[in-house]
Amino acid sequence: MRAILKADVDLLWFGGIRTDVRAPGETNAEVGDKANDAIHITGPEVRAKVIGEGANLGVTQRGRVAYALNGGRINTDAIDNSAGVNSSDLEVNIKIALGALVRAGTMSIEARNAFLVEMTDEVAELCLKNNYLQSLTLSLSERRGVSEFPDHVALMQLLEGEGHLDRAVELLPDDAALAERAAAGKALTRPEIAVLLAYAKNVVNTELVNSSVPDDPYLSKELFRDRPCWRRTTGRPSRRTGCAAR
Amino acid sequence: MAAAYAVARDAYELTALNAAIDAMDARMSGSTQLALYAEVQTLMTGQTLWFLRNEDFTGGLTPLVERYRAGVAEVRARLDTLLPPFIARSVSDQAAGFVNGGADPALARRIAELSALRLASDVVLVAQKANVEAAMAAEAYFTVLERFNLGRITEQGGLIVLSDRFDRMALDRALANLMRAQRDLTADVLMAGAGSVAERMTVWHDLRAAAIDRNVKMVADLTEGDLTVSRLSVAAGLLLDPGDVAGSVITLSCKGAGLVPPGQGNLVSDGWGTRS
């Protein structure tokens, strides 16, 4: 197992839940995957050029950062395998919205099922598009490197100030560590930017939903772009799910 | 913010442009492809800010998008003839670099042009203020740009990298002031007379030939060397108030001493405004 983890290959791909890679300073207890204590290696010991996280928890966050600071290409599990949770989230919300139509007798359960089958490809495309764009966002941020570093720091401080983010919990660098990075001419790594991305998206999404944006005739077209069932159902759109419910 | 973003994205048709770059997946160098996306992103963020500062959304987004989209299309169609030599060369060089990285020439050209095309928003604003067609406003705009040697600033000003937040705000302000001055001068030229742009330019110039020639020289001297926030600020001051040569000298001395010059207010104030 350790030989596989240390193999000199292009891509190391995690397909099932287990933790194999930690940071040099992390103890087995901190990693929390007792069954694999004997197998753990550290981020810098991974020789693969890229780590792909098809499954969750393959690498600790500190392990990711250590690997990335050492030149490895990695995102986070949430970024790499986002399509899974994205599709189940859409599935649940679409079913909730359609549930109202079925209970009201407007749509039969057979019609609802046929409708779900019909939209499968479209839902898949949306999930993959999100996955694609998130990865691209990280690449563009990474490319700007140190010139964007002050903006990331400002964003962290803003999110903390508003009570949305706890840097310690998310294992983001504290002010001393940030100063060290700046002094070394390094910026945030992809795994760290990924955490900021998630928080930024959540905060912006909440603000948008609570603003007048969904009611604006021009801007609400965006909801049609990203929600499959609006195109097919009629009635007043639900802000939260983007699906119509009568 | 969402409104400004939507207008910027749709006026410049960036969704289609992004899709064209997406289509190059695995068919061109990854790092060059990212460079293409980065140019679009720069335009996107720059123009979102531009619309936030310079436009009013109370009349709804559709009329805004339509007016700006038409203006951008007019400018793009004429870009080959409009661009002053410095900018034209800079765009060509950048496009060649993209082609080297595997981009097809048409896409490379479209992306390389964006740094110049973004000036179309200013052109649309000027056209409205001076009550002329976008095409004429565009011609006047680029003529003034070339006359005052501002091409280097529009191409390179945004590339200055500063790590201190307040330095960055000062740079942003200096550039915004320069672009406002550029717009105001263009409007002044258009409103100076009738006839072709060249005719109006002559009338405008002859009104205050000595002051204008002196300012052209001073701005050129300022922008020929390293582009710094101080130089850009002084250049903006000169263009916004061409009569105030003495004021500019005081400004330069104050900045040298690390003081805020009189009348320039607090760097962190947000009184952007436009003269129009």
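Protein chains in written order, with the numbering used here: chain P, 877 to 1122; chain Y, 236 to 511. Here a beta-carbon is modelled for each residue, glycine too, at the ideal position from N, C-alpha and C.
**Request:** Quick one: give me the first and last residue of the alpha helix (DSSP H) that V1123(P) is part of.
**Result:** This structure does not reach residue 1123(P), given that chain P is present from 877 up to 1122, and the question cannot be answered.
**Request:** Would you mind stating whether I1069(P) and E1018(P) have Cβ atoms separated by less than 9 Å?
**Result:** Taking the first sequence and counting its residues from 1, one reaches residue 1069(P) at position 193. Taking the first sequence and counting its residues from 1, one reaches residue 1018(P) at position 142. In this structure, E1018(P) lies closer than 9 Å to I1069(P) by Cβ.
**Request:** Could you say which of N384(Y), L467(Y), D260(Y), Q363(Y) lies nearest to D402(Y) if we only look at CA atoms?
**Result:** Looking up residue 402(Y) in the second sequence gives position 167. When each option's Cα is compared against that of D402(Y), the closest is L467(Y).
**Prompt:** Exposed or buried, what is A355(Y) when buried is set at 16 or more other beta-carbons lying within 10 Å of its beta-carbon?
**Reply:** Taking the second sequence and counting its residues from 1, the one referred to as residue 355(Y) is at position 120. By the neighbour-count rule (16 or more Cβ atoms within 10 Å), A355(Y) is buried.
**Request:** Just the chain Y side, please: which residues come within less than 7 Å of V1089(P) by C-beta, in chain order?
**Result:** Here residue 1089(P) is taken as the residue at index 213 of the first sequence, counted from 1. Correct list: A237.
**Item:** Proximal chain P residues relative to T297(Y), where beta-carbon distance stays under 7 Å
**Value:** As a working mapping, residue 297(Y) is identified with position 62 in the second sequence. Y1094, listed in chain order.
**Message:** Any heavy atom of the ligand HEM inside 8 Å of the beta-carbon of M983(P)?
**Reply:** Annotation note on the ligand HEM: not contained in the displayed structure, which lists no ligands.
**Prompt:** In chain order, what residues of the same chain lie with their CB nearer than 8 Å to the CB of V424(Y), ignoring the 5 residues before and after it?
**Reply:** Within the second sequence, residue 424(Y) is the residue found at index 189, counting from 1. Excluding residues within five positions, the ones whose Cβ falls inside 8 Å are A375, T378, V379, V432, R435, M436, W439.
**Request:** List the residues of chain P that Q276(Y) touches, going by C-beta distances under 8 Å, in chain order.
**Result:** In the second sequence, the residue the question calls residue 276(Y) occupies position 41. Residues of chain P passing the Cβ test: L1016.
**Prompt:** Which of the three DSSP states, helix, strand or coil, is assigned to V484(Y)?
**Reply:** Residue mapping note: residue 484(Y) aligns to position 249 of the second sequence, counting from 1. Summary for V484(Y): the model assigns pLDDT 49, below 50, so the residue's position carries little reliability; its value from the coordinates is reported in the next sentence. The answer is helix: DSSP assigns V484(Y) an H, G or I state.
**Request:** For the segment 251-283 of chain Y, enumerate the residues whose C-beta is nearer than 7 Å to any C-beta of chain P, in chain order.
**Result:** L269, Y272, A273, Q276
**Asked** Count the other CB atoms within 10 Å of the CB of G460(Y); is the residue buried (16 or more) or exposed (fewer)?
**Response** The sequence position of residue 460(Y) within the second sequence is 225, counting from 1. Under this definition G460(Y) is an exposed residue.
**Item:** Beta-bridge partners of F890(P), as assigned by DSSP
**Value:** By one-based count along the first sequence, residue 890(P) stands at place 14. Partner(s): E929(P).
**Asked** Going straight from the alpha carbon of L992(P) to that of S964(P), what length do you get?
**Response** Here the question's residue 992(P) lines up with position 116 in the first sequence. Here the question's residue 964(P) lines up with position 88 in the first sequence. C-alpha separation (whole angstroms): 13 Å.
**Rounded C-alpha distance that separates K882(P) from N912(P)** = Residue mapping note: residue 882(P) aligns to position 6 of the first sequence, counting from 1. Residue mapping note: residue 912(P) aligns to position 36 of the first sequence, counting from 1. Answer to the nearest angstrom: the Cα atoms are 15 Å apart.
**Message:** Would you say R408(Y) lies against chain P (beta-carbon separation less than 9 Å)?
**Reply:** On the second sequence, position 173 is the one that residue 408(Y) refers to. No, R408(Y) lies away from the interface with chain P (no Cβ there is under 9 Å from its Cβ).
**Request:** Compare the C-beta of V484(Y) against all C-beta atoms of chain P and say whether one is closer than 9 Å.
**Result:** Within the second sequence, residue 484(Y) is the residue found at index 249, counting from 1. Residue placement at V484(Y) cannot be trusted, given a pLDDT of 49 that sits under 50; what the coordinates show is reported in the next sentence. No, its Cβ sits nowhere closer than 9 Å to a Cβ of chain P.
**Asked** Just how far apart, CA to CA, sit A243(Y) and V464(Y)?
**Response** Counted from its first residue, the second sequence places residue 243(Y) at position 8. Counted from its first residue, the second sequence places residue 464(Y) at position 229. Answer to the nearest angstrom: the Cα atoms are 26 Å apart.
**Asked** Is M1032(P) helix, strand or coil when you go by DSSP?
**Response** On the first sequence, residue 1032(P) is found 156 positions in, with the first residue counted as 1. Of the three classes helix, strand and coil, the one that applies to M1032(P) here is helix, per DSSP.
**Item:** Chain-ordered neighbours of R1019(P) on chain Y, where CB pairs are closer than 7 Å
**Value:** If you number the first sequence from 1, residue 1019(P) lands on position 143. Here the neighbours are L269, A273.
**Message:** Quick check on DSSP: helix, strand or coil for R288(Y)?
**Reply:** If you number the second sequence from 1, residue 288(Y) lands on position 53. Of the three classes helix, strand and coil, the one that applies to R288(Y) here is helix, per DSSP.
**Request:** Check the DSSP bridge columns for R898(P) and list the partner residues they point to.
**Result:** Against the first sequence, residue 898(P) aligns to sequence position 22. For R898(P), which the question treats as bridged, DSSP gives the partners T918(P).
**Request:** Kindly identify the DSSP beta-bridge partner or partners of R403(Y).
**Result:** Position 168 of the second sequence holds residue 403(Y). Partner(s): none; R403(Y) has no beta bridge.
**Prompt:** Can you check whether the CB of K364(Y) is closer than 9 Å to the CB of R418(Y)?
**Reply:** In the second sequence, residue 418(Y) corresponds to position 183, counting from 1. In the second sequence, residue 364(Y) corresponds to position 129, counting from 1. In this structure, K364(Y) lies closer than 9 Å to R418(Y) by Cβ.
**Request:** Using a threshold of 9 Å, state whether the C-beta atoms of R894(P) and G919(P) are closer than that.
**Result:** In the first sequence, residue 894(P) corresponds to position 18, counting from 1. In the first sequence, residue 919(P) corresponds to position 43, counting from 1. Not closer than 9 Å, so no.
**Request:** Taking A444(Y) as the query, report the chain P residues whose CB atoms sit under 9 Å from its CB, ordered along the chain.
**Result:** Stepping through the second sequence from its first residue, residue 444(Y) is reached at position 209. By Cβ distance, chain P contributes nothing, its closest Cβ being about 42 Å from A444(Y), past 9 Å.
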